[in-house]
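Below: the structure, in structure tokens.
Numbering (the UniProt record's numbering), first residue to last: 1 to 362.
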């Protein structure tokens with residue numbers, strides 16, 4: 001090995017899977033883009049390569065081929081024992097909990113977890129099994145006390161995390177999600193067909209608020225079309241709402257596409273109905289291509305992306321959301337894109353992670 005690499009700090013990034021998802025995209029992106037002259041990056045995946053939705057080319061990837069995080073504990077422990085990384089960064093709550101407990105056995109390793117949601121609000125949309133919730137609540141409270149640093153994606157997330165887990169604020173670091181790919185900015189904001197086009201991209205789950213978007217759209221008095229991209233456990237309820245509001249002829253449904261930015265650019269507005277958001281990557285992507293976002297002002301990172309009337313609207317109620325849909329305001333795609341380009345740029349966010357890694361280890 002070249003001598004200039006001998007001093008590199010070993011950073012292990014751990015994820016349950018590499019399936020399509022915000023945490024997977026961001027963590028794999030950071031793992032591949034930190035300075036390889038300063039850091040030796042490795043990506044460790046609990047699941048299997050066959051499930052991977054992301055192509056990793058710039059850092060080694062190791063798959064444990066386990067179907068559950070719980071089943072991977074022995075293999076994960078042995079991996080840490082063998083490789084002794086200087087830093088371990090994990091994401092997704094159940095894995096973070098395990099890493100907190102495991103940190104007790106590796107006192108020379110610094111453990112960082114990346115929180116992916118505003119926990120207290122997301123819990124309202126989670127399991128209804130009380131015993132399960134009590135167990136899931138107890139374990140993080142215990143294990144997170146042993147974690148060195150918690151990375152939160154937004155100020156709301158950080159405040160919520162400190163409030164729930166009583167973590168010292170000195171352990172909390174706020175790092176927004178980066179722009180992981182540059183997309184061309186569209187040239188036009190409005191359709192020439194006389195039909196206003198709306199789009200939502202995201203998992204079909206209760207907290208994403210698809211049903212309230214459909215309810216609001218049903219009140220529009222002008223021609224429109226609404227594209228929904230995504231899949232998930234709430235699919236039947238979403239389609240039942242489409243039937244209820246007689247919107248079948250106005251809806252295009254796409255379960256999955258690798259061309260999200262292309263579809264967003266073809267629409268006039270990106271609609272976000274979420275009741276809570278960790279850090280909405282698709283809203284950021286929409287701004288990047290120049291499509292304004294209409295979203296509810298909810299806990300999470302939405303308001304750190306959307307500046308009211310600059311790159312979209314933040315609605316406090318369904319009535320105001322409807323008013324935004326009928327607004328005659330004109331947004332300029334290039335200005336929308338510029339509003340997020342530097343703030344969430346690759347260089348800026350990667351630099352924040354590198355600064356954290358350098359600071360946490362001698």
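Note that the Cβ used here is the ideal one computed from N, Cα and C, for glycine as well.
- Cβ atoms of residue 268 and residue 198 come within 8 Å of each other, at about 7 Å.
- Taken in chain order, the unbroken stretches of alpha helix (DSSP H) that lie wholly in the segment 90-122 and span 4 residues or more are 93-102 and 119-122.
- In the DSSP assignment, residue 197 falls within the beta strand (DSSP E) that extends over 196-201.
- The DSSP-derived three-state label of residue 355 is helix.
- Take the alpha-carbon of residue 277 and the one of residue 118: they are about 7 Å apart.
- Residue 258 is classed as exposed because its beta carbon has fewer than 16 other beta carbons within 10 Å across all chains shown.
- By the criterion of a C-beta distance shorter than 6 Å, residue 228 is surrounded in its chain by 200 and 253, once the five residues flanking it on both sides are discounted.
- When secondary structure is reduced to three states using DSSP, residue 175 falls in the coil class, being assigned neither helix nor strand.
- With a cutoff of 7 Å on beta-carbon distance, residue 296 and residue 216 are scored as not near each other.
- At a cut-off of 3 residues, the continuous stretches assigned as beta strand (DSSP E) that sit fully inside the segment 226-307 are 251-254, 269-272 and 293-296.
- Using a C-beta cut-off of 8 Å, the segment 217-227 makes contact with the segment 238-255, since at least three inter-stretch Cβ pairs fall below that distance.
- Across the set 49, 32 and 39, the C-alpha of 49 shows the shortest separation from the C-alpha of residue 20.
- The Cβ neighbour count for residue 143, taken over all protein chains shown within 10 Å, is at least 16; the residue is labelled buried.
- Residue 274 places its beta carbon 7 Å or farther from that of residue 232.
- Using a Cβ-Cβ distance cut-off of 8 Å, the segment 236-245 and the segment 176-189 are not in contact, since fewer than three pairs of beta carbons, one from each stretch, lie closer than that value.
- A contact between stretches requires three or more CB pairs, one per stretch, nearer than 8 Å, and the segment 350-362 meets this requirement with the segment 83-92.
- Taking 8 Å as the upper bound for CB-CB distance, residue 207 and residue 125 are in contact here, some 4 Å apart.
- Looking at 260, 344 and 292, the one whose alpha-carbon comes closest to that of residue 327 is 292.
- Between residue 211 and residue 289, the C-beta gap is not smaller than 7 Å, which leaves the two residues out of contact.
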